[in-house]
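Only one structure is covered here, and it is reproduced in the block below.
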Amino acid sequence: MLRPELQIGRPPNYLPWPPTDRLLKRHVSSVKVQWLDFQRNVYDREPAFPTRVDASTGVRYFLDFSNKYNNVDAGDIILCPRFRLLPRQEMQDVLAMKKSAGVLNVNGLSVSHVTMQAIKESNEDRLFVHPFEHGTLFGILDGHGGSECSQKASRELPGVIAQFLTSALGRAGHTALTDTARCVEDAISAAIKEFDAALITGLEDTVAEFTALYPGDFDMWDIKDFMRKEMREGQNRPANALAGCTALIGFIPTSNKTLFVASLGDSQAGMYSDAWDCTTLNEFHAASNPHEVARLQAEHPGEEGIVRYNRLFGAISVTRALGDHLLKAPIELSAKYYCYAHPMMVPPGEVKQWPGKYKTPPYMSVQPSFQRIGLVPGDVIVFASDGLRNTWQTRALTASEQEQLFVGLCGYAGRLDNPVQDLGRWETKLGHRFLPMDQEEVNAADWMLMNVLFGGDDVKLARELTIEFPEGGSERWQDDITVISIHV
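FYI, our numbering numbers position 303 of the sequence shown as 1056, with every residue one higher than the one before it.
Listed below in C-alpha coordinates is the structure:
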(Lines of atoms letter the chains of each structure in order from A and count residues from 1; the text may use other names and numbers.)
(Lines give C-alpha, C1' and ligand atoms only; values in the text may rest on other atoms or scores of the structure.)
Protein backbone atom coordinates (compact mmCIF):
# COMPACT_ATOMS: atom_id res chain seq x y z
CA MET A 1 0.00 0.00 0.00
CA LEU A 2 2.81 2.39 0.92
CA ARG A 3 6.27 2.31 -0.57
CA PRO A 4 9.59 3.19 1.06
CA GLU A 5 10.86 6.30 -0.66
CA LEU A 6 14.39 4.97 -0.66
CA GLN A 7 15.57 1.39 -0.97
CA ILE A 8 19.02 0.43 0.21
CA GLY A 9 21.14 -2.62 -0.33
CA ARG A 10 20.96 -5.14 2.49
CA PRO A 11 24.08 -6.94 3.74
CA PRO A 12 24.03 -10.73 4.12
CA ASN A 13 21.90 -12.02 7.01
CA TYR A 14 20.38 -8.59 7.44
CA LEU A 15 17.44 -8.59 9.84
CA PRO A 16 14.43 -7.26 7.86
CA TRP A 17 12.36 -4.33 8.97
CA PRO A 18 9.21 -5.26 10.86
CA PRO A 19 6.22 -5.51 8.49
CA THR A 20 4.44 -2.80 10.43
CA ASP A 21 6.96 -0.23 9.20
CA ARG A 22 5.08 -0.31 5.90
CA LEU A 23 2.48 1.88 7.57
CA LEU A 24 4.90 4.81 7.52
CA LYS A 25 6.78 6.31 4.59
CA ARG A 26 10.47 5.98 5.36
CA HIS A 27 13.53 8.05 4.59
CA VAL A 28 16.94 6.66 5.50
CA SER A 29 19.02 9.55 6.75
CA SER A 30 22.23 7.63 7.34
CA VAL A 31 23.73 4.19 7.12
CA LYS A 32 26.87 3.60 9.05
CA VAL A 33 28.93 0.67 10.25
CA GLN A 34 29.98 0.56 13.87
CA TRP A 35 32.31 -1.91 15.53
CA LEU A 36 31.12 -3.45 18.74
CA ASP A 37 33.58 -3.50 21.63
CA PHE A 38 32.83 -6.91 23.12
CA GLN A 39 34.86 -6.12 26.23
CA ARG A 40 32.61 -3.20 27.17
CA ASN A 41 29.52 -4.57 25.37
CA VAL A 42 28.42 -1.08 24.37
CA TYR A 43 28.09 0.80 21.11
CA ASP A 44 27.29 4.35 20.09
CA ARG A 45 23.81 5.35 19.02
CA GLU A 46 22.16 8.13 17.13
CA PRO A 47 20.17 10.41 19.46
CA ALA A 48 16.39 10.60 19.26
CA PHE A 49 15.15 13.75 17.54
CA PRO A 50 12.05 15.75 18.42
CA THR A 51 8.96 16.18 16.34
CA ARG A 52 8.93 19.21 14.06
CA VAL A 53 6.59 20.79 11.51
CA ASP A 54 7.86 21.91 8.10
CA ALA A 55 6.95 25.60 7.94
CA SER A 56 6.68 25.63 4.13
CA THR A 57 4.41 22.59 3.73
CA GLY A 58 2.78 22.25 7.13
CA VAL A 59 3.69 18.55 7.18
CA ARG A 60 4.50 17.17 10.61
CA TYR A 61 7.58 14.98 10.71
CA PHE A 62 8.36 12.29 13.25
CA LEU A 63 12.10 11.85 13.65
CA ASP A 64 13.17 8.81 15.61
CA PHE A 65 15.84 6.13 15.52
CA SER A 66 15.75 2.36 15.39
CA ASN A 67 18.65 -0.03 15.89
CA LYS A 68 18.32 -2.91 13.44
CA TYR A 69 21.65 -4.71 13.31
CA ASN A 70 23.30 -7.98 12.53
CA ASN A 71 26.50 -9.39 13.97
CA VAL A 72 28.94 -9.95 11.11
CA ASP A 73 32.60 -10.36 12.02
CA ALA A 74 31.99 -8.53 15.30
CA GLY A 75 30.53 -5.56 13.42
CA ASP A 76 27.05 -4.09 13.71
CA ILE A 77 25.39 -2.41 10.75
CA ILE A 78 23.04 0.16 12.19
CA LEU A 79 20.37 1.89 10.15
CA CYS A 80 19.15 5.21 11.46
CA PRO A 81 15.84 5.80 9.72
CA ARG A 82 13.90 9.02 9.60
CA PHE A 83 10.13 8.64 9.54
CA ARG A 84 7.66 11.00 7.94
CA LEU A 85 4.15 10.78 9.26
CA LEU A 86 1.33 9.98 6.93
CA PRO A 87 -1.59 12.42 6.91
CA ARG A 88 -3.78 11.79 9.94
CA GLN A 89 -6.73 10.68 7.83
CA GLU A 90 -4.64 7.91 6.25
CA MET A 91 -3.50 6.75 9.68
CA GLN A 92 -7.10 6.78 10.91
CA ASP A 93 -8.08 4.65 7.91
CA VAL A 94 -5.45 2.10 8.93
CA LEU A 95 -6.68 2.23 12.53
CA ALA A 96 -10.24 1.59 11.37
CA MET A 97 -9.11 -1.78 9.99
CA LYS A 98 -8.00 -2.79 13.49
CA LYS A 99 -11.13 -1.93 15.43
CA SER A 100 -14.90 -2.29 15.55
CA ALA A 101 -17.24 0.03 17.45
CA GLY A 102 -20.93 0.75 17.83
CA VAL A 103 -23.74 2.22 19.92
CA LEU A 104 -26.92 0.37 20.96
CA ASN A 105 -30.06 1.32 22.86
CA VAL A 106 -31.27 -1.73 24.79
CA ASN A 107 -33.97 -1.91 27.48
CA GLY A 108 -33.58 1.78 28.30
CA LEU A 109 -29.78 1.58 28.43
CA SER A 110 -27.34 3.35 26.11
CA VAL A 111 -24.58 0.84 25.32
CA SER A 112 -21.39 1.83 23.50
CA HIS A 113 -18.61 -0.60 22.71
CA VAL A 114 -15.26 -0.83 20.96
CA THR A 115 -12.74 -3.60 20.37
CA MET A 116 -9.28 -3.06 18.88
CA GLN A 117 -7.02 -5.82 17.66
CA ALA A 118 -3.34 -5.76 18.47
CA ILE A 119 -0.74 -6.52 15.80
CA LYS A 120 -1.23 -10.29 15.68
CA GLU A 121 -3.11 -12.89 13.67
CA SER A 122 -6.51 -12.53 15.33
CA ASN A 123 -8.34 -10.65 18.05
CA GLU A 124 -8.80 -12.99 21.03
CA ASP A 125 -11.24 -10.61 22.77
CA ARG A 126 -15.00 -10.99 22.38
CA LEU A 127 -17.92 -9.01 23.77
CA PHE A 128 -21.67 -9.54 23.91
CA VAL A 129 -24.86 -7.60 24.70
CA HIS A 130 -27.85 -9.90 25.23
CA PRO A 131 -31.29 -8.47 26.12
CA PHE A 132 -33.99 -10.92 27.25
CA GLU A 133 -37.27 -10.83 29.15
CA HIS A 134 -35.73 -10.34 32.61
CA GLY A 135 -33.12 -7.72 31.74
CA THR A 136 -29.84 -7.20 29.90
CA LEU A 137 -26.70 -9.33 29.97
CA PHE A 138 -23.40 -7.94 28.71
CA GLY A 139 -19.80 -8.97 29.01
CA ILE A 140 -16.19 -9.13 27.85
CA LEU A 141 -14.42 -12.43 27.17
CA ASP A 142 -10.63 -12.08 26.91
CA GLY A 143 -9.09 -15.17 25.30
CA HIS A 144 -5.64 -16.63 25.80
CA GLY A 145 -3.96 -19.43 23.87
CA GLY A 146 -6.19 -18.60 20.90
CA SER A 147 -9.66 -17.24 20.25
CA GLU A 148 -11.50 -20.59 20.20
CA CYS A 149 -12.77 -20.51 23.78
CA SER A 150 -13.75 -16.83 23.78
CA GLN A 151 -15.47 -17.24 20.41
CA LYS A 152 -17.53 -20.20 21.58
CA ALA A 153 -18.37 -18.47 24.86
CA SER A 154 -19.54 -15.30 23.11
CA ARG A 155 -21.93 -17.33 20.96
CA GLU A 156 -23.32 -19.70 23.58
CA LEU A 157 -22.76 -18.47 27.14
CA PRO A 158 -25.21 -15.49 27.10
CA GLY A 159 -28.06 -17.78 26.07
CA VAL A 160 -27.16 -20.32 28.74
CA ILE A 161 -27.10 -17.65 31.46
CA ALA A 162 -30.39 -16.15 30.24
CA GLN A 163 -31.98 -19.59 30.35
CA PHE A 164 -30.81 -20.21 33.93
CA LEU A 165 -31.94 -16.74 35.05
CA THR A 166 -35.35 -17.14 33.42
CA SER A 167 -35.85 -20.44 35.18
CA ALA A 168 -34.65 -19.12 38.55
CA LEU A 169 -36.51 -15.81 38.51
CA GLY A 170 -39.67 -17.47 37.26
CA ARG A 171 -39.96 -19.54 40.41
CA ALA A 172 -42.07 -18.13 43.24
CA GLY A 173 -40.82 -17.46 46.74
CA HIS A 174 -38.35 -14.59 46.35
CA THR A 175 -39.91 -12.16 48.79
CA ALA A 176 -36.80 -10.24 49.82
CA LEU A 177 -34.11 -8.45 47.85
CA THR A 178 -31.41 -10.63 49.40
CA ASP A 179 -33.28 -13.76 48.27
CA THR A 180 -33.51 -12.42 44.71
CA ALA A 181 -29.83 -11.41 44.70
CA ARG A 182 -28.76 -14.83 45.90
CA CYS A 183 -30.99 -16.43 43.28
CA VAL A 184 -29.42 -14.33 40.50
CA GLU A 185 -25.85 -15.07 41.60
CA ASP A 186 -26.52 -18.79 41.99
CA ALA A 187 -28.11 -18.94 38.53
CA ILE A 188 -25.21 -17.12 36.82
CA SER A 189 -22.65 -19.26 38.63
CA ALA A 190 -24.45 -22.49 37.70
CA ALA A 191 -24.73 -21.41 34.06
CA ILE A 192 -21.02 -20.61 33.84
CA LYS A 193 -20.09 -23.97 35.33
CA GLU A 194 -22.43 -25.88 33.02
CA PHE A 195 -21.02 -24.15 29.94
CA ASP A 196 -17.46 -24.86 31.08
CA ALA A 197 -18.23 -28.52 31.80
CA ALA A 198 -19.59 -28.93 28.27
CA LEU A 199 -16.19 -27.89 26.89
CA ILE A 200 -14.42 -30.83 28.52
CA THR A 201 -17.11 -33.19 27.24
CA GLY A 202 -16.08 -32.36 23.67
CA LEU A 203 -12.43 -33.00 24.53
CA GLU A 204 -13.29 -36.31 26.19
CA ASP A 205 -15.22 -37.36 23.07
CA THR A 206 -12.16 -36.59 20.94
CA VAL A 207 -9.94 -38.76 23.16
CA ALA A 208 -12.52 -41.58 23.08
CA GLU A 209 -12.42 -41.52 19.27
CA PHE A 210 -8.63 -41.62 19.36
CA THR A 211 -8.44 -44.58 21.76
CA ALA A 212 -10.93 -46.47 19.57
CA LEU A 213 -8.61 -45.90 16.61
CA TYR A 214 -5.48 -46.77 18.62
CA PRO A 215 -6.60 -49.42 21.16
CA GLY A 216 -3.04 -50.51 21.89
CA ASP A 217 0.22 -48.63 22.19
CA PHE A 218 0.65 -45.23 20.56
CA ASP A 219 3.27 -42.52 20.53
CA MET A 220 2.94 -38.76 20.80
CA TRP A 221 3.00 -38.31 17.02
CA ASP A 222 -0.11 -40.46 16.67
CA ILE A 223 -2.11 -38.28 19.01
CA LYS A 224 -0.64 -35.05 17.64
CA ASP A 225 -1.66 -36.05 14.11
CA PHE A 226 -5.14 -36.98 15.32
CA MET A 227 -5.57 -33.63 17.08
CA ARG A 228 -4.37 -31.76 13.98
CA LYS A 229 -6.91 -33.69 11.90
CA GLU A 230 -9.59 -32.50 14.32
CA MET A 231 -8.49 -28.91 13.75
CA ARG A 232 -8.35 -29.29 9.96
CA GLU A 233 -11.92 -30.56 9.95
CA GLY A 234 -12.98 -27.41 11.76
CA GLN A 235 -14.42 -29.00 14.90
CA ASN A 236 -11.82 -27.55 17.29
CA ARG A 237 -13.19 -29.52 20.23
CA PRO A 238 -9.72 -29.74 21.84
CA ALA A 239 -8.98 -26.04 21.30
CA ASN A 240 -12.38 -24.99 22.68
CA ALA A 241 -11.47 -26.71 25.95
CA LEU A 242 -7.70 -26.17 26.13
CA ALA A 243 -7.63 -22.51 25.13
CA GLY A 244 -9.11 -20.26 27.79
CA CYS A 245 -10.78 -16.93 28.36
CA THR A 246 -11.60 -14.63 31.22
CA ALA A 247 -15.22 -13.60 31.69
CA LEU A 248 -16.51 -10.28 33.02
CA ILE A 249 -20.31 -10.43 32.95
CA GLY A 250 -22.91 -7.84 33.94
CA PHE A 251 -26.64 -8.32 34.48
CA ILE A 252 -29.10 -5.42 34.85
CA PRO A 253 -32.70 -6.50 35.57
CA THR A 254 -35.52 -4.76 33.67
CA SER A 255 -36.03 -2.19 36.45
CA ASN A 256 -32.50 -0.82 35.69
CA LYS A 257 -32.03 -0.26 39.42
CA THR A 258 -29.43 -2.95 40.18
CA LEU A 259 -26.21 -4.20 38.61
CA PHE A 260 -24.80 -7.68 39.20
CA VAL A 261 -21.17 -8.25 38.19
CA ALA A 262 -19.73 -11.76 37.85
CA SER A 263 -15.99 -12.00 37.28
CA LEU A 264 -13.48 -14.66 36.25
CA GLY A 265 -9.98 -13.39 35.56
CA ASP A 266 -8.44 -9.93 35.29
CA SER A 267 -10.72 -7.73 33.19
CA GLN A 268 -11.77 -4.51 34.88
CA ALA A 269 -15.20 -3.15 35.92
CA GLY A 270 -15.95 0.28 37.35
CA MET A 271 -18.82 2.74 37.71
CA TYR A 272 -18.91 6.52 37.33
CA SER A 273 -21.40 8.41 39.48
CA ASP A 274 -20.44 12.09 39.52
CA ALA A 275 -17.47 14.45 39.83
CA TRP A 276 -15.06 11.74 38.66
CA ASP A 277 -16.22 9.52 41.55
CA CYS A 278 -15.38 5.94 40.54
CA THR A 279 -16.42 2.68 42.20
CA THR A 280 -14.49 -0.56 41.62
CA LEU A 281 -16.85 -3.41 40.76
CA ASN A 282 -14.63 -6.49 40.71
CA GLU A 283 -11.42 -8.05 41.97
CA PHE A 284 -8.60 -9.42 39.82
CA HIS A 285 -8.13 -13.19 39.76
CA ALA A 286 -4.46 -13.27 38.85
CA ALA A 287 -1.41 -15.21 40.01
CA SER A 288 0.09 -11.86 41.06
CA ASN A 289 -2.77 -11.35 43.55
CA PRO A 290 -1.67 -12.55 47.04
CA HIS A 291 -5.26 -13.47 47.94
CA GLU A 292 -5.50 -15.79 44.95
CA VAL A 293 -2.12 -17.34 45.73
CA ALA A 294 -3.25 -17.96 49.32
CA ARG A 295 -6.45 -19.59 48.04
CA LEU A 296 -4.48 -21.92 45.77
CA GLN A 297 -2.12 -22.87 48.59
CA ALA A 298 -5.08 -23.64 50.87
CA GLU A 299 -6.84 -25.72 48.21
CA HIS A 300 -3.67 -27.64 47.23
CA PRO A 301 -1.57 -28.01 50.41
CA GLY A 302 1.94 -29.32 49.99
CA GLU A 303 1.97 -29.01 46.18
CA GLU A 304 4.90 -26.80 45.23
CA GLY A 305 5.33 -24.84 42.02
CA ILE A 306 1.68 -24.18 41.22
CA VAL A 307 2.45 -20.44 41.00
CA ARG A 308 5.77 -19.51 39.37
CA TYR A 309 6.84 -16.13 37.98
CA ASN A 310 3.40 -14.71 38.87
CA ARG A 311 1.77 -17.27 36.58
CA LEU A 312 -0.15 -20.48 37.09
CA PHE A 313 2.37 -23.26 36.39
CA GLY A 314 4.59 -20.52 34.98
CA ALA A 315 2.30 -20.20 31.95
CA ILE A 316 -1.04 -18.45 32.55
CA SER A 317 -1.42 -15.14 34.37
CA VAL A 318 -5.02 -15.63 35.55
CA THR A 319 -6.26 -18.06 38.20
CA ARG A 320 -9.95 -18.24 37.23
CA ALA A 321 -11.17 -18.70 33.66
CA LEU A 322 -13.34 -20.60 31.25
CA GLY A 323 -11.55 -23.38 29.39
CA ASP A 324 -7.93 -24.16 30.30
CA HIS A 325 -8.98 -27.75 30.93
CA LEU A 326 -5.38 -28.93 30.90
CA LEU A 327 -5.35 -27.46 34.43
CA LYS A 328 -8.79 -28.81 35.38
CA ALA A 329 -8.80 -32.40 34.10
CA PRO A 330 -7.47 -35.45 35.98
CA ILE A 331 -3.68 -35.30 35.94
CA GLU A 332 -3.32 -38.69 34.22
CA LEU A 333 -5.45 -37.58 31.24
CA SER A 334 -3.59 -34.27 30.92
CA ALA A 335 -0.23 -36.05 30.93
CA LYS A 336 -1.27 -38.84 28.54
CA TYR A 337 -3.46 -37.05 25.99
CA TYR A 338 -4.33 -33.39 26.50
CA CYS A 339 -0.78 -32.01 26.64
CA TYR A 340 -0.32 -32.85 22.93
CA ALA A 341 -3.34 -30.89 21.70
CA HIS A 342 -3.39 -27.28 20.52
CA PRO A 343 -2.87 -24.94 22.29
CA MET A 344 0.04 -26.20 24.38
CA MET A 345 -0.15 -23.71 27.23
CA VAL A 346 2.35 -25.76 29.28
CA PRO A 347 5.20 -27.70 27.55
CA PRO A 348 4.28 -31.40 27.15
CA GLY A 349 7.55 -32.48 28.77
CA GLU A 350 6.61 -30.63 31.95
CA VAL A 351 3.04 -31.98 31.98
CA LYS A 352 4.40 -35.55 31.65
CA GLN A 353 6.08 -35.04 35.04
CA TRP A 354 2.88 -33.97 36.83
CA PRO A 355 1.60 -37.44 37.90
CA GLY A 356 2.67 -38.07 41.47
CA LYS A 357 3.59 -34.41 41.97
CA TYR A 358 0.19 -32.79 41.53
CA LYS A 359 -2.84 -34.66 42.84
CA THR A 360 -5.73 -32.25 43.42
CA PRO A 361 -7.04 -30.68 40.22
CA PRO A 362 -8.67 -28.42 39.21
CA TYR A 363 -5.99 -25.75 39.51
CA MET A 364 -7.82 -23.23 37.32
CA SER A 365 -11.05 -22.19 39.05
CA VAL A 366 -14.37 -21.53 37.33
CA GLN A 367 -16.04 -20.07 40.45
CA PRO A 368 -16.91 -16.42 39.72
CA SER A 369 -16.78 -13.67 42.31
CA PHE A 370 -19.79 -11.34 42.53
CA GLN A 371 -20.57 -7.75 43.36
CA ARG A 372 -23.99 -6.08 43.46
CA ILE A 373 -24.62 -2.33 43.44
CA GLY A 374 -27.64 -0.06 43.14
CA LEU A 375 -28.07 2.15 40.08
CA VAL A 376 -29.60 5.59 39.57
CA PRO A 377 -30.18 7.49 36.30
CA GLY A 378 -26.92 9.01 35.08
CA ASP A 379 -24.65 6.23 36.33
CA VAL A 380 -22.10 4.97 33.80
CA ILE A 381 -20.75 1.40 33.93
CA VAL A 382 -17.43 0.59 32.25
CA PHE A 383 -16.05 -2.88 31.47
CA ALA A 384 -12.57 -3.23 29.93
CA SER A 385 -10.23 -6.10 29.11
CA ASP A 386 -6.79 -6.01 30.74
CA GLY A 387 -5.22 -4.78 27.50
CA LEU A 388 -6.42 -1.26 28.34
CA ARG A 389 -4.59 -0.87 31.64
CA ASN A 390 -1.46 -2.56 30.23
CA THR A 391 -1.00 -0.03 27.42
CA TRP A 392 2.32 1.78 27.23
CA GLN A 393 0.51 5.11 27.42
CA THR A 394 -0.91 4.51 30.93
CA ARG A 395 1.90 2.59 32.64
CA ALA A 396 3.08 5.74 34.42
CA LEU A 397 -0.31 6.05 36.16
CA THR A 398 -1.19 4.30 39.39
CA ALA A 399 -3.91 1.65 39.34
CA SER A 400 -6.40 4.04 40.95
CA GLU A 401 -5.51 6.80 38.46
CA GLN A 402 -6.00 4.39 35.57
CA GLU A 403 -9.45 3.40 36.79
CA GLN A 404 -10.43 7.01 37.42
CA LEU A 405 -9.25 7.96 33.92
CA PHE A 406 -11.01 5.12 32.08
CA VAL A 407 -14.28 5.33 33.98
CA GLY A 408 -14.19 9.12 34.23
CA LEU A 409 -13.75 9.69 30.49
CA CYS A 410 -16.64 7.36 29.67
CA GLY A 411 -18.71 9.16 32.29
CA TYR A 412 -17.70 12.54 30.90
CA ALA A 413 -18.80 11.48 27.42
CA GLY A 414 -22.21 10.53 28.79
CA ARG A 415 -22.56 13.61 31.00
CA LEU A 416 -21.84 16.66 28.84
CA ASP A 417 -22.73 19.04 31.67
CA ASN A 418 -19.38 18.35 33.36
CA PRO A 419 -16.92 21.28 33.39
CA VAL A 420 -14.26 21.20 30.69
CA GLN A 421 -11.46 21.82 33.19
CA ASP A 422 -11.98 18.30 34.55
CA LEU A 423 -10.15 17.04 31.46
CA GLY A 424 -7.16 19.33 31.81
CA ARG A 425 -5.23 17.38 34.41
CA TRP A 426 -5.60 14.15 32.43
CA GLU A 427 -4.35 15.84 29.27
CA THR A 428 -1.34 17.00 31.28
CA LYS A 429 -0.69 13.53 32.71
CA LEU A 430 -0.97 11.80 29.33
CA GLY A 431 0.88 14.54 27.44
CA HIS A 432 -1.64 15.14 24.65
CA ARG A 433 -4.84 17.01 23.94
CA PHE A 434 -8.10 15.09 23.81
CA LEU A 435 -10.18 14.72 20.68
CA PRO A 436 -13.48 16.64 20.52
CA MET A 437 -16.71 14.67 20.82
CA ASP A 438 -19.19 14.04 18.05
CA GLN A 439 -22.26 15.83 19.38
CA GLU A 440 -24.70 13.80 17.28
CA GLU A 441 -23.80 10.33 18.57
CA VAL A 442 -21.09 9.88 21.17
CA ASN A 443 -19.57 6.41 21.42
CA ALA A 444 -18.24 6.84 24.94
CA ALA A 445 -16.16 3.64 24.85
CA ASP A 446 -14.46 4.53 21.55
CA TRP A 447 -13.92 8.18 22.53
CA MET A 448 -12.32 7.14 25.80
CA LEU A 449 -10.02 4.58 24.17
CA MET A 450 -8.80 6.90 21.41
CA ASN A 451 -8.06 9.65 23.93
CA VAL A 452 -6.21 7.33 26.28
CA LEU A 453 -4.01 6.02 23.46
CA PHE A 454 -3.20 9.14 21.44
CA GLY A 455 -5.85 11.90 21.41
CA GLY A 456 -4.86 14.61 18.95
CA ASP A 457 -1.18 13.60 18.84
CA ASP A 458 -0.23 12.26 15.39
CA VAL A 459 3.05 10.81 16.65
CA LYS A 460 1.30 8.73 19.29
CA LEU A 461 -1.22 7.55 16.71
CA ALA A 462 1.66 6.41 14.48
CA ARG A 463 3.32 4.63 17.38
CA GLU A 464 0.05 2.89 18.22
CA LEU A 465 -0.25 1.61 14.65
CA THR A 466 3.29 0.26 14.56
CA ILE A 467 3.92 -0.58 18.24
CA GLU A 468 7.10 1.50 17.93
CA PHE A 469 7.12 3.02 21.42
CA PRO A 470 10.03 5.06 22.83
CA GLU A 471 12.96 2.94 23.90
CA GLY A 472 12.61 1.63 27.43
CA GLY A 473 8.86 2.28 27.47
CA SER A 474 7.70 -1.14 26.36
CA GLU A 475 8.61 -4.26 24.53
CA ARG A 476 7.25 -4.47 21.00
CA TRP A 477 3.92 -5.92 22.09
CA GLN A 478 0.43 -4.79 22.98
CA ASP A 479 -2.70 -6.73 23.87
CA ASP A 480 -6.15 -6.60 22.30
CA ILE A 481 -8.38 -4.00 23.96
CA THR A 482 -12.15 -4.19 24.42
CA VAL A 483 -14.38 -1.69 26.24
CA ILE A 484 -18.11 -1.59 27.00
CA SER A 485 -19.68 1.60 28.42
CA ILE A 486 -23.31 1.61 29.61
CA HIS A 487 -25.15 4.83 30.44
CA VAL A 488 -28.14 4.20 32.72
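C-beta atoms are modelled at their ideal positions from N, C-alpha and C, and glycine is treated no differently.
Should residue i and residue j be called a contact, given that it needs their Cβ atoms to be closer than 8 Å?
i       : j       : result
Phe1136 : Ala1022 : yes
Val867  : Leu1202 : yes
Thr1072 : His1095 : no
Gly997  : Gly898  : yes
Trp1107 : Ala1082 : no
Ile1237 : Phe891  : yes
Ser865  : Val859  : no
Leu956  : Pro991  : yes
Ser1026 : Asp1191 : no
Glu1194 : Phe1187 : no
Gln1146 : Ala871  : no
Thr919  : Glu886  : yes
Asn993  : Leu952  : yes
Ala906  : Phe971  : no
Apart from the five residues on each side of it in sequence, which residues of its chain come closer than 7 Å, Cβ to Cβ, to residue i?
i       : result
Ser1020 : Ile893, Asp895, Thr999, Leu1001, Phe1136, Ala1137, Ser1138, Asp1139
Asp975  : Tyr967
Lys946  : Val1119
Gln1155 : Arg1142, Thr1147
May I have the straight-line CA-CA distance separating residue i from residue j, to the nearest angstrom?
i       : j       : result
Arg1148 : Leu1206 : 11 Å
Gln845  : Asn989  : 35 Å
Thr954  : Asp1210 : 50 Å
Ala944  : His1185 : 44 Å
Leu1162 : Glu1085 : 50 Å
Thr1032 : Met1024 : 5 Å
Val1060 : Asn1143 : 21 Å
Ser1041 : Asp1077 : 18 Å
Gly1177 : Met869  : 26 Å
Lys1182 : Arg841  : 23 Å
Ile1234 : Pro968  : 46 Å
Thr933  : Lys977  : 48 Å
Ser1016 : Pro1115 : 18 Å
Thr1151 : Leu966  : 56 Å
Tyr1093 : Leu995  : 10 Å
Glu1217 : Gln1157 : 22 Å
Gly1208 : Ala1215 : 12 Å
Ala849  : Phe963  : 44 Å
Val960  : Tyr1091 : 8 Å
Arg924  : Ala915  : 14 Å
Thr1007 : Ser1070 : 36 Å
Lys851  : Lys1213 : 16 Å
Asn1196 : Ile1134 : 14 Å
Leu1141 : Leu1128 : 25 Å
Val913  : Val847  : 37 Å
Gly1003 : Asp1030 : 20 Å
His1044 : Glu909  : 31 Å
Val1014 : Met973  : 43 Å
Leu832  : Leu839  : Bear in mind that a pLDDT of 42 at Leu832, under 50, signals an unreliable position, so the number given afterwards is only what the model happens to contain. Approximately 21 Å between the Cα atoms of the pair.
Pro1101 : Pro1054 : 24 Å
Pro1130 : Asn1204 : 25 Å
Pro1189 : Arg879  : 28 Å
Lys821  : Ala1047 : The predicted model places Lys821 with a pLDDT of 42, which falls under 50 and marks its position as unreliable, so this point remains unresolved.
Ser942  : Glu843  : 46 Å
Ser1153 : Lys982  : 48 Å
Pop quiz: residue i and residue j are said to be a contact at Cβ under 8 Å. What is the actual Cβ separation, rounded to whole angstroms?
i       : j       : result
Leu1011 : Arg1125 : Going by the sequence as given, residue 1011 is Thr instead of Leu. About 6 Å; that satisfies the 8 Å criterion.
Ser1122 : Asn1035 : 7 Å
Met1098 : Ala1051 : That belief does not hold up - the Cβ atoms of Met1098 and Ala1051 are roughly 24 Å apart, past 8 Å.
Ala1074 : Gly1018 : 5 Å
Met1117 : Leu1065 : 7 Å
For residue i, which residues from the same chain have a beta carbon less than 6 Å from its beta carbon, with the 5 sequence-adjacent residues on both sides left out?
i       : result
Asp1199 : Ala854, Val867
Pro884  : Val859, Asn860
Val1104 : Ser1087, Ala1088, Cys1092
Val1160 : Gly1023, Tyr1025, Cys1031, Val1135
Between which residues of its own chain and residue i is the CB-CB distance below 8 Å, once the five residues before and five after are set aside?
i       : result
Leu862  : Thr889, Ile1005, Asn1009, Ile1239, His1240, Val1241
Ala921  : Cys936, Val937, Asp939, Ala940
Glu1056 : Lys1110, Tyr1111, Lys1112, Thr1113
Glu877  : Asp895, Gly896, His897, Gly899, Ser900, Ser903, Cys998, Asp1233
Asp958  : Arg990
Quick one: does residue i have its CB under 8 Å from some CB of chain B?
i       : result
Phe1004 : This model lacks chain B altogether, as it is built from one protein chain only.
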